[in-house]
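Residue numbers (our numbering): 3 to 91.
Have a look at this one:
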C-alpha cells in the first residue's frame with residue numbers, strides 16, 4: 003500500500019499564535035487516515051514563523067487531499083495554506 007507525502011506551508015493568523023498549540027490542533031483535526039511525518043518552522047518576517055507540515059495519506063484514498071486541506075482550513079489559527087510538494091513514498 004503506497005503512501006503520498008504532502009508538504010504544506012502553513013501561515014498562522016497572527017504572530018502571537020503559539021506554534022506548539024497549533025501543531026496539536028493540526029494533529030487533532032487531521033482525518034483518521036492521515037498522519038504527521040514531521041513539522042518544521044520557517045521564519046518569514048517581522049516575527050512571523052510559518053509551519054511546514056509533512057503529512058502522509060494512503061494513495062488509494064479518493065478525495066484524500068481535498069479532505070485534508072479542508073480540515074486544515076477549518077482551524078481558526080491558520081490564515082493560509084500553501085502546498086509545497088506532493089510525492090509518492
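Ideal Cβ positions, reconstructed from N, Cα and C, are used throughout, including at glycine.
query                                                                                                                           : result
Am I right that residue 86 and residue 40 are in contact with their C-beta atoms under 8 Å? What's the rounded C-beta distance? : Residue 86 to residue 40, Cβ: 13 Å. No contact.
Using DSSP with H/G/I as helix, E/B as strand and the rest coil, what is residue 77?                                            : coil
Under the DSSP definition of a beta bridge, which residues are partnered with residue 28?                                       : According to DSSP, which records beta bridges pairwise, residue 28 is partnered with nothing at all.
Can you tell me where the beta strand (DSSP E) holding residue 44 begins and where it ends?                                     : 37-47
Would you identify the three-state DSSP class for residue 63, choosing helix, strand or coil?                                   : coil
Can you name the residues that DSSP bridges to residue 70?                                                                      : Per DSSP, none; premise fails for residue 70.
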